[in-house]
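The structure appears right after this line, and notes come after that.
Protein chains in written order, with the numbering used here: chain A, 1 to 505; chain B, 1001 to 1123; chain C, 2001 to 2530.
Structure follows, in structure tokens:
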């Protein structure tokens, strides 16, 4: 790209982040052959991280958010896209995960989805990416709803493309839950609109202050908070609103699971943080409703109960799905504690968990590609025949346990510091105790794949092809790398946390 | 008493909204038939349209025409928002129905308990 | 000017040596799989790595004795979390022990693994090398974070060694091992580190400690100025609680009741039990506790607040209880394991006595126990390889068939009991001295009683081996039993590498008694406050 054309494109980067995958999806539907559709999708997904990283660099450099006014209509009349430290960071996480998975997808999708449906898969994949990126980049509450639904509808399709007929049922169940969640969110937004007369997040925040002082409006605002809290919690699978997740993850195509586990709940978590911190200001939430307390209780329940469920699973994908619910608990715990350290931990864990969980699901995808199952019974002893795949699985698993020297530890460290800063010493012990359960479930599958006598299918399995191993090891390597170099995670998270908390004071 | 009734009558559209919302949710939860669940879901979404449109309409107000003869006008934005929401709702229901068709093909039934009976672990 | 330059260059190369100490085993771990198909080359890699690592640590030794404490800050992971190394006397001692014994143990491993036709030998050597790398990082760690990283890596890298046999029993032991070690470190050790950071604002090992007690003047030791001024004073109760978290969080020290993992880990091949579960892993535990007591709390802080008094009783209880349990074990390796549990708590006990002399005793005991216990395990493995015997009741008369093995065993046993002419005597002597001079009679009683118990469970083995006739094999049992068990008469000594290794370690045990200064000089430096 020449410098002059870059000059014209550069101010439009925020909208390109959404436009490129959207039109990419459209184009992909015209390609009948799976391989072509894959190639185009690959190209599109590799452009996105470049844009996101450019945006992040710019925001970090100036310290100011980038505001993009669609159609040059300034807020609050028009819709604006707003890229600040937090959203740029989450955009990077989502787009990077979306890209890293793609080289892996060709073989995996080729094996799991029939040729005629492959281009549909890639189109829907891009739509889902559009939606997720849109949720994060938009500065408008209703626009966020639209993107939420775009990503959700795409997600239902992705899940339904799974090979087993239960995938259809899982998609249906998720559709019901997801739609209820999104509708609750939009009800909350509607109430806020009635009170403030605006849909722009920033504008809403400034107008809510006076509104809350008026007893006539106060109840409406609190009701809105309740609706949004529950609605978004459904999407991010906060315990006990997580029931849709294990089946959805278990029966979706392997690549789709890896993608969703890394990104979908993260975008919803972003929305939650954005609304609770930037719009309501956690201060309001503390004063009027016991939101932090509820959130702490639910998060800790998720950390323990979901982890326990993971221990007794016999299906590796479901095991990881339960683990995801527990990890969402960690992130939300940091959000609930709402201080600089805990929030840094939460935000860092968004990236760290995305990297680790995607690596784990990709490893399972490689196993599924070779032996067509991820049940423990079939995976027994597969470490002997697929050592590189399961080696990456072990590395990422160790990260998930929060072992020092891996990404997981960094998040845990800051969460622990956050709990100490908040004066909740008992929570420190709950954090570490629940990660002990993750030692058990990771230890269990490690024992199965490395030390059990090989099953029939494991004996004949071959190591995964290179196109799968490279993305897999890239992510597994990142698990260790992010445990030592925390510039990309902690530094940015700390800045984002500062901005979030600064909005409250 | 009269006052309460008056309050109720003045806000009757909100009560319709709440009624629709609750009955929609109830159907989603209580019915085992997958299509009936979708109908409930649709009702639930419809209640949102009412919720948005009710405060947007002002009695004796006009369309937003920029002229000094028309002092009060209804806010058009909620209507536009609801157009979008309706589109989203239609897409959701369409996708849901498509899934039900595929489920019927795969399981031969659209009753939830019968499906679970065929796939015991799929709870 | 000139001296400054030499000091500078010396420091530079010390940094390189520290790096080398970690990189050599790591490189070995990476190289070993490449020679998967040619075992001789593969073992050559291990031996060369072990020899060069020993050379590296021994060339660091004179510098430490000369008073240098080379530091190396590798990387700042996050504010407060530094990956940094610093060789201080205690770490030097531990590093020397581990690296020197790795050489001997590698020789032994080759004899043992080949003699028993063990499967997955490549994996074995890789994990072993990683474990050594972790041990070296732990020995040279300059702060709690680095120590914690190395500590967990050590656990993870030894887990595949415990489950090496892949039998249901081995897997069960692996579960206990993983959950107990990782569990305690996560649930207790990590919060302890977090709380230390919150209270002291630093995690660096600092002479005099970084924890400040309420009502006590902060110990203004060298280089502690900044950290101490930031620290929040803690009440004695909190300090005691923090110490509790550390002592039980460092599960590798096997203080009761977190000792279960050690007997369980005995299902591993004997070289693993010998170097890792008698030396590297368990010593990493007591070493960490010593370091925490000396450099995090500070001996003065603990003795003046009385916050560490309970530790004497816990350690004393472990010493006695583990010895009693050891008395009842018939499996040789299990008895040795409980003996290890007991002996480890000597070190903790010595640390808890909180006098400089007892700290010297602790350091001496770490070294003495290392060379002696590894000898005993080598002997156990030698018996298993040659005679396929694992139970003590099968050992009648074996002393005359395997004279080298059992003589070495005898020396090891004497060291455990604490009799001259072995190094074990010296460690106990200093500990007793420390306890007597401060009139702490409970530790004195513990040491005396446990010496009797040690004699009680080691001497009968020697009596069996040398003075009892081998029981004639009952005819009717000959067919039913494992063929190996019945051919008691057919075996002689174990393969040469095994005999060589155990002879070396047994002589080390005696040499350490004759020339204890190697260890004592380091220990005195440590006590002098670096």
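All C-beta atoms, glycine included, are put in the ideal place defined by N, C-alpha and C.
What do you reckon, are the CB atoms on residue i and residue j nearer than 8 angstroms?
i, j, result
"residue 2051(C)", "residue 2162(C)", "no"
"residue 1034(B)", "residue 1093(B)", "no"
"residue 393(A)", "residue 360(A)", "yes"
"residue 277(A)", "residue 199(A)", "no"
"residue 133(A)", "residue 18(A)", "yes"
"residue 2144(C)", "residue 2203(C)", "yes"
"residue 323(A)", "residue 434(A)", "no"
Going by C-alpha distance, which of the options is nearest residue i?
i, options, result
"residue 157(A)", "251(A), 269(A), 358(A)", "251(A)"
"residue 2365(C)", "2286(C), 2355(C), 2326(C), 2314(C)", "2286(C)"
"residue 1083(B)", "1119(B), 1031(B), 1049(B)", "1049(B)"
"residue 2463(C)", "2407(C), 2443(C), 2373(C)", "2407(C)"
"residue 2456(C)", "2079(C), 2055(C), 2323(C), 2067(C)", "2323(C)"
"residue 1096(B)", "231(A), 155(A), 363(A), 438(A)", "155(A)"
"residue 317(A)", "234(A), 382(A), 245(A)", "245(A)"
When the Cα atoms are used, what is the spatial distance from residue i to residue j?
i, j, result
"residue 2607(C)", "residue 2388(C)", "Past the edges of chain C, shown from 2001 to 2530, lies residue 2607(C), and the structure says nothing about it."
"residue 2283(C)", "residue 2094(C)", "8 angstroms"
"residue 424(A)", "residue 1102(B)", "50 angstroms"
"residue 1088(B)", "residue 149(A)", "7 angstroms"
"residue 2227(C)", "residue 210(A)", "Interpretation of residue 2227(C) is limited by its pLDDT of 46, a score under 50 that renders its predicted location unreliable; no figure is taken from the coordinates."
"residue 2485(C)", "residue 2114(C)", "The predicted position of residue 2485(C) is uncertain, since its pLDDT is 45 and thus under 50; no value can be drawn from it."
"residue 61(A)", "residue 85(A)", "10 angstroms"
"residue 77(A)", "residue 1075(B)", "13 angstroms"
"residue 2466(C)", "residue 2383(C)", "14 angstroms"
"residue 2207(C)", "residue 478(A)", "36 angstroms"
"residue 20(A)", "residue 46(A)", "11 angstroms"
"residue 2030(C)", "residue 2125(C)", "10 angstroms"
"residue 2276(C)", "residue 2105(C)", "10 angstroms"
"residue 117(A)", "residue 417(A)", "49 angstroms"
"residue 125(A)", "residue 50(A)", "19 angstroms"
"residue 387(A)", "residue 472(A)", "13 angstroms"
For residue i and chain A, any beta-carbon pair shorter than 8 angstroms?
i, result
"residue 1018(B)", "no"
"residue 2496(C)", "no"
"residue 2526(C)", "no"
"residue 2222(C)", "Bear in mind that the predicted position of residue 2222(C) carries a pLDDT of just 44, short of 50, making it unreliable; the figure below should be weighed with that in mind. It does not: the Cβ of residue 2222(C) has no partner Cβ on chain A nearer than 8 angstroms."
"residue 1084(B)", "yes"
"residue 2227(C)", "Summary for residue 2227(C): the model assigns pLDDT 46, below 50, so the residue's position carries little reliability; its value from the coordinates is reported in the next sentence. So no, residue 2227(C) is outside the interface."
"residue 1115(B)", "yes"
"residue 2285(C)", "no"
"residue 2469(C)", "no"
Applying a beta-carbon distance threshold of less than 8 angstroms, which residues of chain A neighbour residue i?
i, result
"residue 2187(C)", "429, 432, 433, 436"
"residue 2083(C)", "484"
"residue 2156(C)", "398, 403"
Could you tell me whether any Cβ in chain B is nearer than 8 angstroms to the Cβ of residue i?
i, result
"residue 142(A)", "yes"
"residue 112(A)", "no"
Residues of chain C with a CB under 7 angstroms from the CB of residue i: which are they?
i, result
"residue 538(A)", "In this structure chain A extends from 1 to 505, so residue 538(A) is not present and cannot be described."
Note down, in chain order, every chain C residue with its Cβ under 8 angstroms from the Cβ of residue i.
i, result
"residue 420(A)", "2194, 2195, 2198"
Quick one: is residue i near chain C, going by C-beta distance under 8 angstroms?
i, result
"residue 439(A)", "yes"
"residue 473(A)", "no"
"residue 311(A)", "no"
"residue 490(A)", "yes"
"residue 413(A)", "yes"
"residue 382(A)", "no"
Could you tell me which chain B residues have their CB closer than 8 angstroms to the CB of residue i, listed as they occur along the chain?
i, result
"residue 180(A)", "1025, 1028, 1041, 1044"
Which chain A residues sit within Cβ distance under 7 angstroms of residue i?
i, result
"residue 2148(C)", "404"
Give the residues of chain B in contact with residue i, contact being defined as C-beta atoms less than 7 angstroms apart.
i, result
"residue 176(A)", "1028, 1037, 1041"
Taking residue i as the query, report the chain D residues whose CB atoms sit under 9 angstroms from its CB, ordered along the chain.
i, result
"residue 2063(C)", "Any reference to chain D falls outside this structure, whose protein chains are A, B and C."
In chain C, which residues lie less than 9 angstroms from residue i when you measure between Cβ atoms?
i, result
"residue 272(A)", "What residue 272(A) touches in chain C: nothing, since even the nearest Cβ is about 25 angstroms away."
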